[in-house]
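*Asks:* Below is one structure. I have some questions about it.
Residue numbers (the UniProt record's numbering): 1 to 168.
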């Protein structure tokens, strides 16, 4: 039985379908049909501009973001795909917080929908720190098919693991 570590919490019938796709070697084709393209946001500067444009479009009244970058250590060390942080420091007697978003480097080579999904996820954390109903409503507001893209991203990560296991 194939371990589906990225799909915990999904219903058993869906997990069975995913296992069947893996066994028939069709999951990669399914993902390629659904997400054939690759985005062009390759540099940290472009990622910052992309993230800030999404923030301006959907969260105009939220605080600005000080830094956004691709982090090559994120996926491996923290088993996270993106992180948002507010780093506090004292500046001339005042306390300031720098808002930063780190996106796992694996998103450089993914479909545009996956990059948008992870950026939307991290932007939503600026307003809603917890994964609650309001958080997911905000994600759906910014990306109407957020939940489908999250599932597809989890399938993509599962397929990456399957390919890595076959290569070793």
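The beta carbon of each residue, even a glycine, is placed where N, CA and C say it ideally should be.
Run the CB neighbour count on residue 169, radius 10 Å, all protein chains shown included, and call it buried at 16 or more, exposed below.
*Replies:* This structure gives no information on residue 169, because the portion of the chain shown stretches from 1 to 168.
*Asks:* Just how far apart, CA to CA, sit residue 113 and residue 143?
*Replies:* 9 angstroms
*Asks:* What span of residues does the alpha helix (DSSP H) with residue 18 cover, start to end?
*Replies:* 12 to 23
*Asks:* Would you mind stating whether residue 155 and residue 27 have Cβ atoms separated by less than 8 angstroms?
*Replies:* yes
*Asks:* Going by C-alpha distance, which of 109, 157 and 127 is nearest residue 39?
*Replies:* 109
*Asks:* So does the region 54 to 68 actually touch the region 125 to 137, counting three or more Cβ pairs closer than 8 angstroms?
*Replies:* yes
*Asks:* Please confirm whether residue 111 and residue 74 have their CB atoms less than 8 angstroms apart.
*Replies:* Result no, Cβ atoms of residue 111 and residue 74 do not sit closer than 8 angstroms.
*Asks:* Along the chain, where does the beta strand (DSSP E) that runs through residue 70 open and close?
*Replies:* 67 to 71
*Asks:* Can you tell me whether residue 3 is helix, strand or coil according to DSSP?
*Replies:* coil
*Asks:* CB of residue 65 to nearest heavy atom of the ligand NAP: below 7 angstroms?
*Replies:* You won't find the ligand NAP in this model; it holds no ligand whatsoever.
*Asks:* What whole-angstrom Cβ distance do residue 119 and residue 50 have, given they're in contact under 8 angstroms?
*Replies:* 7 angstroms
*Asks:* Residues bridged to residue 104 by DSSP?
*Replies:* 71
*Asks:* Between the beta-carbon of residue 54 and the beta-carbon of residue 123, is there less than 8 angstroms?
*Replies:* yes
*Asks:* Ends of the alpha helix (DSSP H) at residue 117?
*Replies:* 112 to 127 is the extent of the alpha helix (DSSP H) around residue 117.
*Asks:* Could you check the C-alpha separation between residue 47 and residue 22 for me, to the nearest Å?
*Replies:* 32 angstroms
*Asks:* If contacts are defined as beta-carbon pairs under 8 angstroms, then residue 117 and residue 136 qualify, I think. What distance do you get, rounded to the angstrom?
*Replies:* Actually they are not in contact, since the Cβ atoms of residue 117 and residue 136 sit about 12 angstroms apart, beyond 8 angstroms.
*Asks:* In this structure, how does DSSP classify residue 94 when only helix, strand and coil are distinguished?
*Replies:* strand
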